[in-house]
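Residue numbers (the numbering used here): 1 to 266. Every residue, glycine too, gets a C-beta built ideally from N, C-alpha and C. Have a look at the structure below before the remarks.
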Amino acid sequence: MGQTVRIIVYLLAGVFGLCVGSFLNVVIYRLPRGMSLVSPPSHCPACGARIRPYDNIPLLSYLILRGRCRRCGARISPRYPAVELANCLLWLGSAAWFYGCGMGMVAVGCVASSALIVVFCADLETMLIPDSAVIVLALCAVAALLLDVFGMGTGVAWQDRLIGMAAAFVFFALLHFVPKLARREWLGFGDVKLMTAAGLLLGWQSLLAAVLFGSAAAALVMLPLAFAKERGAERAFPFAPFLAAAVLVCLFFGQNAVAWYLGLFA
Ligand SMILES: [Zn+2]
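Structure follows, in structure tokens:
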């Protein structure tokens with residue numbers, strides 16, 4: 001019986017994750033451009049043809065159409081199937097990872113994953129972090145805190161969450177405002193808001209791990225790129241995708257990473 005329920009929960013998470021992933025693609029395209037999420041209906045950005053329902057099946061349609069618009073043959077960005085697959089896998093992962101905590105925490109894991117996917121893609125494509133995605137992440141953090149109070153969460157103490165939120169705000173606000181004194185911008189205010197919400201979601205220990213992972217990944221990817229480019233050409237690069245990915249990893253593995261690290265000294 002318990003096993004059957006578990007399999008049904010996994011199946012539902014995977015199927016809904018795929019469908020929500022399809023919707024996230026609409027969110028990622030339209031939110032930073034200030035467009036409505038509901039109208040007009042989905043259309044090809046190249047020729048304006050409406051996407052038929054049978055051409056709008058997550059993953060399958062992209063494969064059947066071989067990544068091209070049915071009418072004009074324009075390429076469809078591989079971001080579409082990638083987001084659908086990533087959201088499906090992360091919802092499945094949330095169901096598996098947080099199953100023992102209860103359905104509340106499974107839901108928090110799913111919604112937080114989707115919000116972070118939106119941050120990742122929107123910032124990569126437009127250098128903007130949609131406020132609504134950060135608000136959704138903050139609501140997930142509040143829900144996680146309440147679930148913990150009732151013993152249905154991941155066991156992060158509420159004090160650690162509040163410290164994480166305050167520390168993230170102070171640290172990233174300094175990184176935002178201090179360079180501004182010299183008329184430079186290292187970090188947008190969107191990153192400050194994102195990490196403040198992440199601090200509340202993760203607690204300060206996992207947040208620290210996320211900041212370290214995110215910065216290390218950004219340095220690994222961006223330093224060679226910066227050297228390859230012409231010198232003197234100071235170009236802004238999106239930092240939020242690295243932070244969002246690191247927060248996502250630490251939402252699942254943060255506590256394990258911290259325990260492993262502390263174990264090194266025990
Ligand atoms: Zn077209």
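Collapsing the DSSP output to three states places R33 in a helix.
Beta-bridge analysis with DSSP links H43 to R50.
In the same chain as L187, and ignoring 5 residues on each side of it, the C-beta atoms closer than 7 Å to its own belong to F172, L175, H176, F239, in chain order.
With contacts defined by Cβ atoms closer than 8 Å, V83 and N25 form a contacting pair.
Spanning the alpha carbons of V221 and I8 requires a straight line of approximately 39 Å.
N87 sits buried, since 16 or more C-beta atoms from the chains shown fall within 10 Å of its C-beta.
If you look at R161, you'll find it in the alpha helix (DSSP H) that goes 158-181.
Residue list for ligand 1: C44, A46, C47, A49, C69, R71, C72, A74 (CB closer than 6 Å to any heavy atom, chain order). Shown here, R68 sits in a strand according to DSSP, grouped into three states. The beta carbon of L145 lies closer than 6 Å to those of W158, R161 in the same chain, with the five residues before and after it left out. The alpha-carbon separation between Q255 and D148 amounts to approximately 14 Å. Taking every protein chain shown into account, the CB of V136 has 16 or more other CB atoms within 10 angstroms, so this residue is buried.
Shown here, R79 sits in a helix according to DSSP, grouped into three states.
Scanning its chain for C-beta atoms nearer than 6 Å, with the 5 sequence neighbours on each side dropped, one finds around G109 the residues S94, F98, in chain order. Distances from the alpha-carbon of P32 to those of G73, V118, I64, R66 put V118 closest. When the Cα atoms are used, I57 and L248 turn out to be separated by approximately 26 Å. Sorting L194, Y10, Q205 by C-alpha distance to the C-alpha of S132 places L194 at the top.
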